[in-house]
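Take any residue in the sequence shown, note its place counting from 1, add 1147, and you have its number in the working numbering.
From the three backbone atoms N, C-alpha and C, an ideal C-beta is built for every residue, glycine too.
Read through the structure below, which is laid out as structure tokens, and then see the notes.
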Amino acid sequence: MFVETGILINALLLGVMISFIVVTSPTVFKTLDEEHSKKFLRFIFPRLFNFCFLISTLMFLFFALAEFSFGMVVAIAISISFLINTYFLTPRINKMRDLMLTGHVGSEKQFKNLHFASVLLYLASMISIVSIFVFYYTR
């Protein structure tokens, strides 16, 4: 029962992440001007990452109760990736974006690199979520 609940939570996490990519992000850029999209994104990203951290931690707990080692390892890695995105990358991305807008030399490259790292971490988490399904259903 615990492992099935963990798998369900895994699916929930994937759904949250996909809905952000498919629904929220495109809508923001199509409907809000630059000033309002900046405010919205700076508000939503830390909350999205923290929410996903909570879901992935809950997933880890259910996998731990089920003694599903692969799921535990992947879930804790996903949880850590959301903490890195929330507390390390996002503040630096915002700072570089602000410096970039004021014409600070070198900030655009740093912004792009940090943003790329954040996106890569997010996509790696999605791939990791899928790997849990593959591992569970093919064992």
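- The region 1192 to 1206 makes contact with the region 1160 to 1169: 3 or more CB pairs, one atom from each, lie closer than 8 Å.
- Annotation for Phe1235: no alpha helix (DSSP H) segment contains it, and DSSP assigns it neither H nor E.
- Look at Phe1215 here: in three-state DSSP terms it is coil, with no helix or strand label.
- In this chain, the alpha helix (DSSP H) harbouring Met1164 covers Phe1149 to Ser1166.
- Under the three-state reduction of DSSP output, His1251 falls in the coil class, being neither helix nor strand.
- Between Asn1241 and Arg1189, the alpha-carbon positions lie close to 8 Å from each other.
- The alpha-carbon of Arg1239 is positioned some 18 Å away from that of Ser1184.
- With a 10 Å radius around the Cβ and a threshold of 16 neighbouring Cβ atoms, Ile1274 comes out exposed.
- In chain order, Ser1226 place their CB closer than 6 Å to the CB of Thr1204, counting only its own chain and leaving out the 5 sequence neighbours on each side.
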